[in-house]
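S.K.: Just dropping this structure here.
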Amino acid sequence: MNTEQLYRIFREESSGVSTDTRTLKKGQLFFALWGQNYNGNAYAAEALDKGASYAVIDDPVYETDRTILVDDCLMELHGLAQYYRKMIKVPVLAITGSNGKTTTKELIAAIMAKKFRVHYTKGNFNNEIGLPLTILSAPPDVEMMILEMGANHLGEIRTLCNVARPDYGIITNIGTAHIEGFGSYEGILKAKTELYEHLRRVNGIAIYDDKNPHLTKKIYKLVSKGIPYSHPTGVELSVEALPSEMNLAVRIRYQHRVFDIQTALFGDYNLDNVRAAVATGLFLGVGMEDIAEAVGKYQPGNNRSQVKTTDNNTLICDSYNANPTSMRAAIKSFAELKALRKVLILGDMLELGERSTEEHRKLIEELKLMKYEKIFLVGSEFKKASDNSGFELFHDVGELREHLKKEPLTGSLILIKGSRGMTLENVYDLL
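Going left to right, the sequence shown walks through residues 814 to 1244 as the working numbering numbers them.
Shown next as structure tokens:
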């Protein structure tokens, strides 16, 4: 069966696509993907029993009258998403980067929704499985797609671009996230700029931070057309942080007008995300009043730059991800806040490879110079690097939970930051 025939089944006989029998809905087309510890083909019968229209498999052992046998299920999923993207003919904006890509994507989606019917990446659906699923879940009347692209090895962004075929692209920044898979900063830079290489091939447009010398240099080398944050429409745009007690406040100057906006985002490190979103909105034709309203009303989710008030404490929840760059930025913003009792709960920064112990040790040395009521460090990487730091160390969240049950925190301003795999959100209920 070729992709065109599969597309016909997807459009005419299915209600969507699923790769997980636990969340599969009746009428969806099931793709039997392989994983490190599972064979999706073994779940084809279960998917059909639950009402899947068909099961796409790549192992003939599991073939029945309701299965579609292909050479490679993942490649077929990519091909179907690519075909659907081609058929709906809407502009696609791709966003990648080491830090800030999710917040930037969410802000841009909120802004673009003022003018277009927008479909965008939800949650962490930004990889070789999540991105095609995002495309295939777009309604037929969509007017614009905004797709986040994550990567932890070379070639991944190139693959995602081949599926999504973006017309516009943003690289938020280049840091040390997932350095284990890239080997070096230069490897990360090369991987992320695969987006720029795609834009050059399709004569697309990069919207870029002209305050970032590394990305600006790559723009001139790789992209035929670039739109700088500072002049998205040929007119100067200024986005600056204003003094604020907790969350980021910004002043936007554009076309001799001034807009002061109080955001719901914690930390000045989100300023560049707001700059990217405002510049993109203006370039793509959204009015400044609509942009200001969208930025002001945006509420962060998924434990990213969120401020939560409990009966006992005020929490700054930023536990979705962490790397040395984002960790230091969050701590810096936290240090500028005024409170009688300030507490840090920091989890391991994962996927740092050979540099992990060194990066955790460097951070611990910096923390020794800071004065906080308490500093809790969670995870085996912090433990390995601690060297009698004097901080309270916990092997995992379970250990920290037991400690907090015995010695609860009250009346404190608490920053909670760590990699997603540390599941620090599991202590929120004790704070």
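Even for Gly, the Cβ is constructed at its ideal location relative to N, Cα and C.
Could you check how far apart the C-beta atoms of I948 and M958 are, in whole angstroms? I think they sit under 8 Å.
M.R.: If you number the sequence shown from 1, residue 948 lands on position 135. If you number the sequence shown from 1, residue 958 lands on position 145. So it is a contact: roughly 7 Å between Cβ atoms.
S.K.: Around the Cβ of A1090, are there at least 16 other Cβ atoms within 10 angstroms (buried) or fewer (exposed)?
M.R.: Position 277 of the sequence shown, counted from the first residue, corresponds to residue 1090. When all chains shown are included, A1090 counts as buried.
S.K.: Are there 16 or more other CB atoms within 10 angstroms of the CB of A1148, so buried, or fewer, so exposed?
M.R.: Walking along the sequence shown from the start, residue 1148 turns up at place 335. When all chains shown are included, A1148 counts as exposed.
S.K.: Return the first residue and the last residue of the alpha helix (DSSP H) that T1031 is part of.
M.R.: Your numbering for residue 1031 matches position 218 in the sequence shown. What sits at residue 1031 in the sequence shown is Lys, not Thr. From DSSP, the alpha helix (DSSP H) with K1031 extends over 1026 to 1035.
S.K.: Return helix, strand or coil for M957, following the three-state DSSP convention.
M.R.: Here residue 957 is taken as the residue at index 144 of the sequence shown, counted from 1. The answer is strand: DSSP assigns M957 an E or B state.
S.K.: Between the Cα of R1117 and the Cα atoms of E1102, M1140, G1098, which residue gives the shortest distance?
M.R.: For the purposes of this step, residue 1117 is taken as the residue at position 304 of the sequence shown. Closest by alpha carbon: M1140.
S.K.: Compute the Euclidean distance between the alpha carbons of F1072 and I1065, then round it to the nearest angstrom.
M.R.: Within the sequence shown, residue 1072 is the residue found at index 259, counting from 1. Within the sequence shown, residue 1065 is the residue found at index 252, counting from 1. Spanning the two alpha carbons is a distance of roughly 5 Å.
S.K.: Would N937 and N986 qualify as a contact pair, given that the criterion is a beta-carbon distance under 8 Å?
M.R.: As a first step, residue 937 must be located in the sequence shown, where it is residue number 124. As a first step, residue 986 must be located in the sequence shown, where it is residue number 173. Result no, Cβ atoms of N937 and N986 do not sit closer than 8 Å.
S.K.: Taking 8 Å as the cut-off, does the segment 854 to 869 touch the segment 832 to 840 (at least 3 CB pairs, one atom from each stretch)?
M.R.: Yes, since at least three Cβ pairs between the segment 832 to 840 and the segment 854 to 869 fall closer than 8 Å, the two stretches touch.
S.K.: Decide if the segment 909 to 929 is in contact with the segment 1090 to 1109; the criterion is three or more beta carbon pairs, one per stretch, under 8 Å apart.
M.R.: As far as the Cβ criterion goes, the segment 909 to 929 touches the segment 1090 to 1109, which means the pair count is three or higher.
S.K.: If we require 4 or more residues per run, which alpha helix (DSSP H) segments fall completely within the segment 1140 to 1195?
M.R.: Entirely contained in the segment 1140 to 1195, the alpha helix (DSSP H) runs reaching 4 residues are, in chain order, 1169 to 1180.
S.K.: Name, in chain order, the residues that DSSP records as bridge partners for Y1067.
M.R.: To locate residue 1067, count along the sequence shown from 1; it is residue 254. L1050, R1070.
S.K.: Report yes or no: is there a C-beta of chain D within less than 8 Å of the C-beta of D1200?
M.R.: You won't find chain D in this structure, because it holds only one protein chain.
S.K.: Please classify I987: does DSSP put it in a helix, a strand, or coil?
M.R.: Mapped onto the sequence shown, residue 987 falls at position 174. DSSP places I987 in coil when its eight states are reduced to three.
S.K.: For H932, count neighbouring C-beta atoms within 10 Å of its own C-beta (all shown protein chains included) and say buried if the count is 16 or more, exposed if not.
M.R.: Start at 1 with the first residue of the sequence shown, and residue 932 comes out as number 119. By the 10 Å Cβ count, H932 comes out buried.
S.K.: Give the range of the alpha helix (DSSP H) segment to which I1104 is assigned.
M.R.: One-based indexing of the sequence shown puts residue 1104 at position 291. From DSSP, the alpha helix (DSSP H) with I1104 extends over 1101 to 1110.
S.K.: Give me, in chain order, the residues of the same chain whose beta-carbon lies closer than 7 Å to that of N939; leave out the 5 immediate sequence neighbours on both sides.
M.R.: Locating residue 939 in the sequence shown gives position 126, counting from the first residue. Excluding sequence neighbours, N939 sits near E961, M962, G963.
S.K.: Whose CA, out of I970, A855, C886, lies closest to the CA of V806?
M.R.: Missing from the structure shown is residue 806; the chain here goes from 814 to 1244 and no further.
S.K.: So, helix, strand or coil for L837, using DSSP?
M.R.: Looking up residue 837 in the sequence shown gives position 24. In the structure shown, L837 sits in coil (DSSP, three-state: anything other than H, G, I, E or B).
S.K.: If the criterion is Cβ atoms closer than 8 Å, does the pair I1227 and N1126 meet it?
M.R.: Position 414 of the sequence shown holds residue 1227. Position 313 of the sequence shown holds residue 1126. In contact: I1227 and N1126 (Cβ atoms closer than 8 Å).
S.K.: Go through its chain and collect everything with a Cβ distance to L1157's Cβ below 6 Å, but skip five positions before and after it.
M.R.: The residue you call residue 1157 lines up with position 344 of the sequence shown. Excluding sequence neighbours, L1157 sits near Y1185, I1188, L1228.
S.K.: Return the chain-ordered ranges of every alpha helix (DSSP H) run that is complete within the segment 843 to 920 and spans a minimum of 4 residues.
M.R.: Segments of the alpha helix (DSSP H) lying fully in the segment 843 to 920: 857 to 862, 886 to 901.
S.K.: Per DSSP, what kind of secondary structure is P1045 in: helix, strand or coil?
M.R.: Against the sequence shown, residue 1045 aligns to sequence position 232. In the structure shown, P1045 sits in coil (DSSP, three-state: anything other than H, G, I, E or B).
S.K.: Mind checking which residues open and close the beta strand (DSSP E) that includes K1121?
M.R.: Within the sequence shown, numbered from 1, the residue matching residue 1121 stands at position 308. Per DSSP, K1121 belongs to the beta strand (DSSP E) from 1119 to 1122.
S.K.: Excluding the five sequence neighbours on either side, which residues of its own chain have a C-beta within less than 7 Å of the C-beta of H1027, listed in chain order?
M.R.: Against the sequence shown, residue 1027 aligns to sequence position 214. Taken in chain order, the residues that qualify are I987, L1002.
S.K.: With a CB to CB cut of under 7 Å and the five nearest residues on each side skipped, what residues in its chain are close to I970?
M.R.: For the purposes of this step, residue 970 is taken as the residue at position 157 of the sequence shown. Correct list, in chain order: T909, M962, A964, A1004, K1005, E1007, L1008.
S.K.: Tell me which residues share the same chain as P945 and place their Cβ nearer than 6 Å to its Cβ, disregarding the 5 neighbours each side in the sequence.
M.R.: The residue labelled residue 945 in the question sits at position 132 within the sequence shown. For P945, where only same-chain residues beyond five positions count, the Cβ hits under 6 Å are L890, H891, A894, V976.
S.K.: If you measure between the beta carbons of Y981 and G1017, is that distance less than 8 Å?
M.R.: Your numbering for residue 981 matches position 168 in the sequence shown. Your numbering for residue 1017 matches position 204 in the sequence shown. Closer than 8 Å, so yes.
S.K.: Just to check my reading of the structure: I983 and I1020 have Cβ atoms closer than 8 Å, yes? What is that Cβ distance to the nearest angstrom?
M.R.: Here residue 983 corresponds to residue number 170 of the sequence shown, with the count starting at 1. Here residue 1020 corresponds to residue number 207 of the sequence shown, with the count starting at 1. Correct: roughly 5 Å between the Cβ atoms.
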